[in-house]
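Engineer: First residue of the sequence shown? That's 32 in our numbering, and the numbers climb one at a time after it. Note that the Cβ used here is the ideal one computed from N, Cα and C, for glycine as well. Quick one: structure below, then a few questions.
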Amino acid sequence: MTHDWLLRTLRLCMAIGLLAVIQAPITRAAELPQDTQPALIIAYHTTPTNWLALRQALRSKALPRFRALQKEGILRSYHVFFNRHVDSSGWNAMAMLAFNGPGGLARWTQGARRMPDGLTQGELALTSQIETTPVNLVRHGVARKSASAPVTLVIPYRYLVSDAAYLKYLDGYTVPQLKGWMDAGVLTRYTILMAEYPAGRPWSAMLVLEYRSDAALAVRDAVKTTVRARLSHDPAWKAISDDKKAVRKELALTVADDGADAK
């Protein structure tokens, strides 16, 4: 009887352990909002001597392909950014591709077997390194008036809390500031992404900020100070602000221009 009891107990423990393993991957998805969009961040690196050639290839060939994928319903939106500076420590170009649900992402994956990361063999030959990060587009905002000559800041972060806690931080601290910058007329678009599989990657979240112009970017710090001073009167916002270093670590940002044909 003792042997049967031990056997039943062992089987129960194994079942509980198996159930925990099965449910573990679901936990993160459950913490994300239901309206998150699957997306990819593709960072293209090249040598200084190939930079102009890669830029031209992306502008004249890759962008039209992305536009065609949008018309087919595979992509919801796409942007290609070019680093303003020749900087060997960062990427030279970056594609931000948002898909029409898991089905759109699946169709992209099938096509990528013939054209990895949207590039032909000749275009791939111009790169020295490519980093592809599956992400979820979790927050997005667009001003009523678009920018005619925008400049973009791409800011990666490593967050130090759970996904749910980070989303709460975004809604309580980051998004109110972004809306304040939009109200001030300097920011025209923002996108916040969270890495789908952050383990081992240098960043786990990314903030993409489109400023109206170089002049708007030049007053970024002054506008930030003004908006934060106003928000600091809100005790809830102030509490998050005082503890933000425990939530995330900001990494090196990139100043970039949007590709001429990006939508």
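Below 7 Å between beta carbons: does that hold for W234 and P187?
Structural biologist: In contact: W234 and P187 (Cβ atoms closer than 7 Å).
Engineer: Quick one, are the C-beta atoms of T219 and A180 less than 7 Å apart?
Structural biologist: Not in contact: T219 and A180 (Cβ atoms no closer than 7 Å).
Engineer: Enumerate in chain order the residues of its own chain whose CB-to-CB distance from V206 is below 7 Å, with the five nearest sequence positions on each side excluded.
Structural biologist: R170.
Engineer: Can you tell me whether DSSP reads E103 as helix, strand or coil?
Structural biologist: Three-state DSSP puts E103 in coil, outside helix and strand.
Engineer: CA-CA distance, M125 and L136?
Structural biologist: Rounded to the nearest angstrom, the two C-alpha atoms are 18 Å apart.
Engineer: Hey, quick one: how far does the alpha helix (DSSP H) through V370 stretch, first residue to last?
Structural biologist: With the chain running from 32 to 294 in the structure shown, residue 370 is simply not present.
Engineer: Using 7 Å as the threshold, is the C-beta distance between P79 and V117 below it?
Structural biologist: The answer is yes: Cβ separation under 7 Å.
Engineer: Who are the Cβ neighbours of I73 in its own chain at under 6 Å, not counting the five residues just before and after it?
Structural biologist: The residues are A126, D148, T163.
Engineer: Which of the three DSSP states is assigned to T151 in this structure?
Structural biologist: Coil at T151, not helix or strand.
Engineer: Taking its Cβ as the centre, do 16 or more other Cβ atoms sit within 10 Å of A129, making it buried, or is it exposed?
Structural biologist: Result: buried.
Engineer: Using only CA atoms, which one of G216, L168, L282 lies nearest to Y109?
Structural biologist: The candidate whose alpha carbon is nearest that of Y109 is L168.
Engineer: What did DSSP end up calling Q65 once you bin it into helix, strand or coil?
Structural biologist: Any reading at Q65 needs caution, since the residue's pLDDT is 49, under 50, leaving its predicted position unreliable; the model's value is listed next. Coil, per DSSP.
Engineer: For my contact list, V278 and Y242 are in at a C-beta cut-off of 8 Å; report their separation, rounded to the angstrom.
Structural biologist: Not quite, the Cβ-Cβ distance comes to about 24 Å (not below 8 Å), so this is no contact.
Engineer: Roughly how many angstroms lie between the CA atoms of T257 and Q208, to the nearest whole one?
Structural biologist: If you take the alpha carbons of T257 and Q208, they lie about 10 Å apart.
Engineer: Could you tell me whether the Cβ atoms of Y75 and N123 are closer together than 7 Å?
Structural biologist: Yes, Cβ-Cβ distance for Y75 and N123 is below 7 Å.
Engineer: Tell me whether R86 is buried or exposed, calling it buried when 16 or more other Cβ atoms sit within 10 Å of its Cβ.
Structural biologist: With 16 or more other Cβ atoms within 10 Å, it is buried.
Engineer: Starting from the Cα of S193, find the closest Cα among T158, Y221, A236, P133 and give me that residue.
Structural biologist: The shortest C-alpha separation from S193 is found at A236.
Engineer: By how many angstroms is the C-alpha of S159 removed from the C-alpha of V239?
Structural biologist: Those two C-alpha atoms are separated by around 24 Å.
Engineer: Cα separation between R251 and M213?
Structural biologist: Rounded to whole angstroms, R251 to M213 spans 11 Å at the Cα level.
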